[in-house]
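One structure is given here, and the rest of the page talks about it.
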Amino acid sequence: MKEQSVTSGKELRGIPVYPDIVIGKAHLVDRSRAKILYQCFVNKEQVTREVDRFEEALRSVEAQFISLKDRMPDTVKDQAFILDSHLMILKDSMLRDSTINKILSEKINAEWALKKTLEEIRGVFEQIDDDYISNRISDVENVAERLLRTLSGDTAHSLSNINHRVIIVAHDLSPADTTELNTAKVMGFITDVGGRTSHTAIMAQALEIPAVVGLENATAWVEDGDLLIVDGSSGVVVINPEDSDIISYQERKLQLEKYNSSIARMSHLPAETPDGHRIAITANIEFLEEVTAAKDYGGEGIGLYRTEFLYLRGKGFPDEEELFEDYREVVEIMRPAPVSIRTLDLGGDKFASDIAISEENNPALGLRAIRFCLREPEIFKTQLRAILRASAFGSIQLMFPMISGLQELLDARAILDKVREDLDREDIPYDTAMEVGIMMEVPAAVAMAEVLAHYCDFFSIGTNDLIQYALAIDRVNEHVAYMYQPFHPAILRMIRQVVEAARNANIRVSLCGEMAGDPLCISILLGIGLDGLSMNARAIPLIKKLVRAIPIKQARADLEEIMRLNTAKEVRTYLLKRSREMFPELEEKGYLLD
Ligand code: PEP
Ligand code: MG
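Printed below as a string of structure tokens:
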């Protein structure tokens, strides 16, 4: 039996992202402890030691690649060439000799020399006017990253290699890390950083992995092998719990499951209020594999297909055929229900290690989403061609993310028109009536909503980003997570402004941020008059149940009162009171997130 330690029964509180409870052993992936010492001058004697360290790292990484190649499952053996190319890069004089020369001539440590060499190589690749070759910089970056980790003593934790049932404990997981998780093995995860609407949290929901993020110091408290209770509905993590805790959490889990299955039985009924007001409830998805779940949970379509993840799988850029097949399958499964495909929203907290977006000080304010696509028209066109071609197989609506003003929308539409002309010339069929909408997630776009409404067919309000940009809070920063306030009166006013602009121009308006699936928000969103709400598929049954219980008249009257309140706290208190009167079970089941 494990000895009693200071952590026995210790409770940590973080941000819950997926309402389920798991109990299991911790697997610590603490990359933050392997600090890489980048910049350091060395004296004459240490120079030889730095060269030796670098050569030792080269040998070690070579052995790692060979072993990875040997262990590759048959199903992905055709990808072995990637490791072959990594092995070639390791031996290439451009990387090897240049790093060693820098150590010797500039008297700097191996890490710094390697980083400088990498920058030089990047510069050379950028000059090459050939997409294929210039994209190969990502291979060099992968190799350099592994070398840096090896130099720092961190023997490259790979999440995909986890082969026993564990709860991952990490300082941070990127959305790309999350895609690597083997969901058959990983029971849940907890992280020090992150907010409720970070893309890592969104991925956890998509993969149905119970998770708590933003715990601040979980990696400091938890030891590898500790027993953990992770309550993804309340955000509580218990380290080495007492038997009585385990029994009470198991009981809670059972109750939660019972309640969920009772509401799931009603999820195919329409979302219509008792006094006959109907709204569309659709699902947000990140992967093709989620489409069936979206249907099973009662989704009336896909309101947001986040298309980034095919680009984040670490296999380079997907080509037109791969994208087309993926979109066609989604559309065919959902047919005749509509699928809103959002064009690439890379950047911000979604970056791909093998796509060369240069490091930015403020990624959320950087070359993200539509800005990246307008800068890289070839990548954009490939995706647009795939979407248009898939539109011939069902009902697609196209959405541009992060539009901040009319010019950006016109520029994006001009590229879309060009792609349409190309397809016409090649006699390739597509839906000529495909609707084109925009995400409303930048405050400037909200201010311009009256104008933008005349240049598109629908609006979809992305509150995850709208809250981030309007309240000036980084959505992945746990220190300002308390400021993520959907009930901030400024946010409610902005949503109302967008809805009014859409009404005046006679176009549809829906909302697809996490707010749409938050039970406390529903009466406000009904009252404001949204035509549709799109959310994580698992949230659909409960949201439909609530819509079917709240008369629209009451939602509108409540909204009038709410719009007179001046702080998020007052709004929340008002809604909590209302919710306790109407749905007392929600709080008990942990559905009212803090
Ligand atoms: C949003 O910003 O609300 C949104 C739905 O898009 P994403 O979460 O992918 O940024
Ligand atoms: Mg967004």
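Okay, so the sequence shown: first residue is 383 according to the working numbering, each after it adds one.
The beta-carbon is built from N, C-alpha and C at its ideal position, and this holds for glycine as well.
All figures in this text were calculated on a predicted structure; none of them were measured in a lab.
At what residue ranges does the segment 577-661 contain a whole run of the beta strand (DSSP E), taking only runs of 3 or more?
-> 593-595, 609-613, 618-621
Test item: CB-CB of residue 661 and residue 653 under 8 Å | yes
With a threshold of 7 Å, establish whether the CB of residue 533 neighbours any heavy atom of the ligand PEP.
-> no
Give me whichever residues DSSP pairs with residue 398 in a beta bridge.
-> 594
Would you call the segment 839-851 and the segment 880-892 touching, i.e. three or more CB-CB distances under 8 Å?
-> yes
So which residues touch the region around the ligand MG, with touch meaning a C-beta under 7 Å from any heavy atom?
-> 727, 783, 784, 821, 823, 844, 846, 847
Secondary structure at residue 567, three-state DSSP: helix, strand or coil?
-> coil
Say yes only if the C-beta of residue 584 is nearer than 7 Å to one or more non-hydrogen atoms of the ligand PEP, and no if none qualify.
-> yes
Using beta-carbon positions only, say whether residue 690 and residue 749 come within less than 8 Å of one another.
-> no
Give a yes or no on whether 8 Å exceeds the smallest Cβ distance from residue 836 to chain B.
-> Structure shown: chain B not included; a single protein chain is present.
Would you call residue 724 buried or exposed, if buried means 16 or more other Cβ atoms sit within 10 Å of its Cβ?
-> buried
In chain order, each beta strand (DSSP E) run of at least 3 residues that lies wholly inside the segment 683-717 | 684-688
Drop a sphere of 10 angstroms on the beta-carbon of residue 415, count the other beta-carbons inside from all chains shown, and report buried for 16 or more, exposed for fewer.
-> Below a pLDDT of 50, predicted positions are generally treated as unreliable, and residue 415, at 41, falls in that range; the measurement from the model is reported next regardless. By the neighbour-count rule (16 or more Cβ atoms within 10 Å), residue 415 is not buried but exposed.
Residue 398 vs residue 594 beta-carbon contact at 8 Å | yes
Supposed contact pair residue 816 and residue 785 - C-beta distance, whole angstroms, cut 8 Å | So it is not a contact: roughly 17 Å between Cβ atoms.
Is any heavy atom of the ligand PEP found at a distance shorter than 7 Å from the C-beta of residue 576?
-> no
Proximity winner among 859, 920, 833, 431, relative to residue 885 (alpha-carbon distances) = 833
Roughly how many angstroms separate the alpha carbons of residue 835 and residue 547, rounded to a whole number?
-> 50 Å
Which whole-angstrom value describes the C-beta separation of residue 682 and residue 663, a residue pair presumed to lie in contact below a C-beta threshold of 8 Å?
-> 6 Å
Which residues does DSSP pair with residue 960 in a beta bridge?
-> Residue 960 is not bridged to any residue.
Alpha carbon to alpha carbon, how far is residue 617 from residue 396?
-> 5 Å
Beta-bridge partners of residue 573, as assigned by DSSP = 552
Tell me whether residue 579 counts as near the ligand PEP, meaning its Cβ is closer than 7 Å to at least one heavy atom of that ligand.
-> yes
State buried or exposed for residue 394, treating a residue as buried only when at least 16 other CB atoms are found within 10 Å of its CB.
-> buried
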